[in-house]
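Heads up: the sequence shown is residues 603 to 900, going by my numbering.
Each residue gets a CB set at the ideal place from its N, CA and C atoms; glycine is no exception.
From a predicted model like this one, the values you see are computed outputs, not experimental measurements.
Down below is the structure, laid out as structure tokens.
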Amino acid sequence: MKKIGFIGLGTMGAPMASNLLKQDYDVTVYNRSHEKCRPLAEQGASIAETPREAAEGQDLVITMVSNDQSIRDVFYGENGLLGSLTSGMTVIDCSTISESLVKEIASAVSGLGASFLDAPVTGSKPAAIDGTLVFMVGGDAAVIEAQADVFDTLGKKVIHMGPNGSGAVAKLAHNTIVGINNLALAEGFAIAAKSGIPADNFLELVQLGSAGSKAAELKGRKIIEGDFSNQFSLALMLKDLKLASSLTDGIGMPSPMLNLAKSLFQAGASEGYGDEDLSAVAKCYEAWIGQKIGGQQP
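Quick look at the structure:
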């Protein structure tokens, strides 16, 4: 059975590492805040004190952290994992980070004789728990095939996007659509609520009509009930939209809908909703219409 180092035990990383342990992989975990390691240690994981220690002697290292700076610290910090990589090892980064940083890390990893895949995921916390994530992967097809058992444990589908960096670009393009769709849902709800249409009736219409979407399926009921418990935070959505905006600037592509979405999620973050689910952006619309979408006063 493969020896795996898993770095980053947040909303997504912790259940992913847990699923590996359930399949009897030999897992060593690291997280910047050590208390998040304890539940996994109770499942049988070893705890590393540094990223370098987590990677030492492993067949595979998986990283799942929140942003570019965090991944730089994990790879290049004083006790970064690059110091433990040797020929034949594989690194899979599941973080959502910039394409340029992915390519930089891929080059550094390959220079040490190891293999690298950028493999961000779609599917929020429930999919991570259930092992039904979808991976969009940049890298060599043979390396993907060699890690098929791990991908099968963590998800339901692997889609090869192209060379290193392609997974990162696909994730930013994908999350651009996610952000825009969630704003469209909130805005439609607000129009209906302000005009006196019951939210339950409107959601039924959306789900049966051409406006049906994953956003409506996953977030419609949460918005109606005012349940903004975090499955994928508003702050992380804003971070991804900022990365996507930088990407489109770099390739010289106008992206007016992306930049409007970024501004609206920034408004939500400014109101203090960053740690709530991304669907909490609906609370901005509730403030603008002076009522809850579910019917009560805000």
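Do Val631 and Leu662 have their beta-carbon atoms positioned less than 8 angstroms apart in this structure?
no
Ordered along the chain, which non-local residues of its own chain (more than five positions away) have a Cβ less than 8 angstroms from that of Leu866?
Non-local beta-carbon contacts of Leu866 in its own chain, meaning distances under 8 angstroms to residues more than five positions away in sequence, involve Leu785, Val883, Cys886 in chain order.
What's the call for Ala770, buried or exposed, on a 16-neighbour Cβ count within 10 Å?
In the assembly as shown, Ala770 is a buried residue. Its beta-carbon has 16 or more other beta-carbons within 10 Å.
Thinking C-beta only, is Val704 closer than 8 angstroms to Pro766?
The identity of residue 766 in the sequence shown is Asn, whereas the question assumes Pro. Between Asn766 and Val704, the C-beta spacing is below 8 angstroms.
How would you call Ile825, buried or exposed, if buried means at least 16 neighbouring beta carbons within 10 angstroms?
buried
Can you tell me which of the three DSSP states Ser815 falls into?
The answer is coil: DSSP assigns Ser815 none of H, G, I, E or B.
Using only the alpha-carbon positions, how far apart do Ala818 and Gly685 sit?
45 angstroms
Please report how far the alpha carbon of Asp802 lies from the alpha carbon of Val808, in whole angstroms.
10 angstroms
Among the candidates Gln660, Asp695, Pro800, whose CA atom is the shortest distance from the CA of Val676?
Asp695
Going by DSSP in three states, Lys605 sits in which element: helix, strand or coil?
strand
Would you check if the distance between the CB atom of Gly790 and the CB atom of Leu843 is smaller than 8 angstroms?
no
Would the region 720-737 and the region 829-842 be scored as touching if the rule is three or more Cβ pairs under 8 angstroms?
yes
Out of Ile895, Leu735, Gln868, Ala650, point me to the one whose CA is closest to Pro800's CA.
Ile895
Whole alpha helix (DSSP H) runs in the region 710-748 with 4 or more residues, listed along the chain?
Correct list: 727-732, 743-748.
Apart from the five residues on each side of it in sequence, which residues of its chain come closer than 6 angstroms, Cβ to Cβ, to Leu787?
Ala817, Ala818
Assuming Ile609 contacts Thr665 under a Cβ cut-off of 8 angstroms, what Cβ separation, rounded to an integer in Å, is found between them?
5 angstroms
Report the three-state DSSP secondary structure of Leu862 (helix, strand or coil).
helix
For the alpha helix (DSSP H) that Lys624 lies in, which residues bound it at each end?
615-624
Do Gln660 and Ile606 count as a contact pair if the criterion is CB distance below 8 angstroms?
yes
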